[in-house]
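Novice: Position one of the sequence shown corresponds to residue 22 (the working numbering), numbered consecutively onward. Mind having a look at this structure? Questions to follow.
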Amino acid sequence: MPKLVIRNGRVIDPASNLDAVCDIFCVNGYIAQIGEKLYATGAEEFDASGLIVAPGFIDLHVHLREPGYEHAETIETGARAAAAGGFTSICCMPNTSPVNDNATVTSYIVERAKRDATVNVFPIGAITKNSAGEELAAIGSMKEAGAVAISDDGKPVMNARVMRRAMEYARGFNMPVINHCEDLHLSADGDMHEGVVSVGLGLRGIPAASEDVMVARDLLLAELTQARYHVAHISSRRSVEMVRAAKARGLAVTSEATPHHFTLADTDMPPYDGNYKMKPPLRSACDTGGVMEGVVSGAIDAIATDHAPHSGNDKMQEFEKCPFGIIGLETALGLALERLVHTGKISLNKLVELFATGPARVLGFQGRGRLVSGGPADLTIFDTDREWTYDVNRSFSKSRNSPFDGHSFRGGPVATIVNGEFSWRVQ
């Protein structure tokens, strides 16, 4: 029976208001005891003195590309990158080939993850068949097979009637509906945020209003249907304000922000660098500040990476032709510490809430995102002051599309424990 005891770490669990130096004793994949100077005969010991020990981080927005695009990422490599970033659980979006719109594909992902993944992998099923936005997917059977939410991420559900029906159906299964909020008529094949920078570079722009219009529509539908609704990768100040107002009205609305959307603005992008091309695009400094304010105030419930790997050949095309998306699993915690904690904007308790407690609440996970006796022994251990430099060529991901290559960090993950065993430790 595997035994592991984490000693002398500063244990932070927002769900139980725990913030104290103590030990955690793990037996056979579960937390057996939390307390001071625990007696743990025959257990492997890890000294976490000076480190933070938190509930396992959960990334509720990851693209693993398998099945269909294994040249860019696989469940195995994506999970290894997640572990190196401090994540014990990840939720994979359905835009694979074939699309995860039925129980067969969902079951394939679940089984492949059990075999190959070093972290917990939870599939998110498609809202519509082939994510085409026209006919609802087999939501009930996907949930039975292991799907934890539904989304057509990568594409919005443009048809309001279809989205209404999806919300009504998902409400019956108590599943959140996650939408990629973009009005395709307004974004009109744009390549970056619409503003002074896009005009100067001669690139087609994507206005922030393309997100705002869709968020406004969906909030009205969420109020109509009383569904659990989640805004993916929120990037606009107005969208954050609308979500804040919806929460104040008592709607079951949540949202997530990516580290790159509270770290970078369109003015930070080197001209025509595909590693800075993502959707939603890097917005104006005003919008970036709005996202930051949403993270601090609680309008935003979770930090998610939107880890979107692409092969080098795909990203090395002309800016207008290269695909949207960047990898982000291994840099998320470092960026959050740098921009949020070390600047004094949030506490470490709030940081853990954004990475663990919040995502678990969004998805309705019981026992995850918190530390409790009898719960899964999923732990993230990190150092707020460890100095390290991100080398994308040493990433566990199969892809290299990151704007943070060569970035020096203060603070990052030290060890990731999944089911009571180390899935990654810093070298």
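By construction, the Cβ of each residue, glycine as well, lies at the ideal position given by its N, Cα and C atoms.
Using CA atoms only, rank isn't needed, just tell me which of 279, 240, 238 is closest to residue 253.
Specialist: With distances taken between Cα atoms, residue 253 lies closest to 279.
Novice: DSSP three-state call for residue 304: helix, strand or coil?
Specialist: Of the three classes helix, strand and coil, the one that applies to residue 304 here is coil, per DSSP.
Novice: State yes or no: is the C-beta of residue 401 within less than 8 Å of the C-beta of residue 378?
Specialist: No, the pair does not count as a contact, with Cβ atoms beyond the cut-off.
Novice: What do you reckon, is the C-beta of residue 220 under 7 Å from a heavy atom of the ligand ZN?
Specialist: As for the ligand ZN, it is missing from this structure, which has no ligand bound.
Novice: Skipping 5 residues on each side, what residues in its chain have a beta carbon closer than 6 Å to that of residue 131?
Specialist: Counting only Cβ-Cβ distances below 6 Å, and skipping sequence neighbours, we find 167.
Novice: Which whole-angstrom value describes the C-beta separation of residue 183 and residue 250, a residue pair presumed to lie in contact below a C-beta threshold of 8 Å?
Specialist: Not a contact, Cβ separation roughly 14 Å.
Novice: Are there 16 or more other CB atoms within 10 angstroms of the CB of residue 32, so buried, or fewer, so exposed?
Specialist: Buried, because 16 or more other Cβ atoms sit within 10 Å of the Cβ of residue 32.
Novice: Grab me the residues of residue 133's own chain with a C-beta within less than 6 Å of its C-beta, minus the 5 sequence neighbours each way, in chain order.
Specialist: 96, listed in sequence order.
Novice: May I ask which residues mark the beginning and end of the beta strand (DSSP E) holding residue 345?
Specialist: That residue, residue 345, is in no beta strand (DSSP E); it is neither H nor E in DSSP.
Novice: Would you call the segment 201-218 and the segment 265-273 touching, i.e. three or more CB-CB distances under 8 Å?
Specialist: Counting Cβ pairs under 8 Å, fewer than three are found: no touch.
Novice: Answer with buried or exposed for residue 125, where buried requires no fewer than 16 other C-beta atoms within 10 angstroms of its C-beta.
Specialist: Flag for residue 125 reads exposed.
Novice: When the Cα atoms are used, what is the spatial distance from residue 142 to residue 325?
Specialist: One C-alpha to the other measures close to 15 Å.
Novice: Could you check which residue in 111, 238, 74, 419 has the C-alpha nearest to that of residue 181?
Specialist: The option with the nearest alpha carbon to residue 181 is 238.
Novice: Restricting to Cα atoms, I'd like to know which of 163, 202, 164 is closest to residue 177.
Specialist: For residue 177, the nearest C-alpha among the options comes from 202.
Novice: Given residue 50, which residues of its chain have a CB within under 6 Å of its CB, disregarding the five upstream and five downstream residues?
Specialist: These residues qualify, in order along the chain: 398, 440, 441.
Novice: Hey, would you say residue 93 sits closer than 8 Å to residue 332, going by beta carbons?
Specialist: Yes. Within cutoff.
Novice: Along the chain, where does the beta strand (DSSP E) that runs through residue 439 open and close?
Specialist: Per DSSP, residue 439 belongs to the beta strand (DSSP E) from 429-439.
Novice: What residue from 193, 425, 229, 195 has the CA that sits closest to residue 206's CA?
Specialist: Residue 229 is the option with its Cα nearest to residue 206.
Novice: Which residue comes first and which comes last in the beta strand (DSSP E) that contains residue 59?
Specialist: Here residue 59 belongs to no beta strand (DSSP E), and DSSP marks it neither H nor E.
Novice: Determine which residues share a DSSP beta bridge with residue 213 and list them.
Specialist: According to DSSP, residue 213 bridges with 226.
Novice: Less than 8 Å between the beta carbons of residue 84 and residue 328, yes or no?
Specialist: Yes, these two residues count as a Cβ contact at 8 Å.
Novice: My parser needs the alpha helix (DSSP H) runs of 4 or more residues fully inside the segment 243-286; what are they?
Specialist: Listed in chain order, they are 258-269, 280-284.
Novice: By the 10 Å Cβ neighbour count, where 16 or more other Cβ atoms means buried, how is residue 14 classified, buried or exposed?
Specialist: As shown, the chain starts at 22 and ends at 448. That puts residue 14 outside it, with no answer to give.
Novice: Apart from the five residues on each side of it in sequence, which residues of its chain come closer than 6 Å, Cβ to Cβ, to residue 413?
Specialist: 421, 423, 426, listed in sequence order.
Novice: Per DSSP, what kind of secondary structure is residue 350 in: helix, strand or coil?
Specialist: In the structure shown, residue 350 sits in coil (DSSP, three-state: anything other than H, G, I, E or B).
Novice: Does the beta-carbon distance from residue 170 to residue 196 come in below 8 Å?
Specialist: For residue 170 and residue 196, yes; Cβs fall inside 8 Å.
Novice: Based on the DSSP output, what are the partners of residue 146 in its beta bridges?
Specialist: Paired residue(s): 171.
Novice: By Cβ distance below 7 Å, which residues in the same chain neighbour residue 54 in space, the five residues on each side in sequence not counted?
Specialist: Excluding sequence neighbours, residue 54 sits near 46, 394.
Novice: Which two residues bound the contiguous beta strand (DSSP E) that contains residue 109?
Specialist: First-last of the beta strand (DSSP E) with residue 109: 108-113.
Novice: For residue 4, is the classification buried or exposed, using 16 other Cβ atoms within 10 angstroms of its Cβ as the cut-off for buried?
Specialist: The first residue shown for the chain is 22 and the last is 448, placing residue 4 beyond what the model contains.
Novice: With H, G and I counted as helix, E and B as strand and the rest as coil, what does DSSP make of residue 81?
Specialist: In this structure, residue 81 counts as strand in the three-state DSSP scheme.
Novice: Helix, strand or coil for residue 447 per DSSP?
Specialist: Residue 447: coil per DSSP, three-state reduction.
Novice: CA-CA distance, residue 293 and residue 342?
Specialist: Their Cα atoms are separated by approximately 11 Å.
Novice: Among residues of its own chain, excluding the 5 on either side of residue 320, which ones have a beta-carbon nearer than 6 Å to its beta-carbon?
Specialist: The answer, listed in chain order, is 261, 264, 265.
Novice: How long is the line joining the alpha carbons of residue 173 and residue 111, rounded to whole angstroms?
Specialist: Rounded to whole angstroms, residue 173 to residue 111 spans 17 Å at the Cα level.
Novice: Which two residues bound the contiguous beta strand (DSSP E) that contains residue 199?
Specialist: First-last of the beta strand (DSSP E) with residue 199: 198-200.
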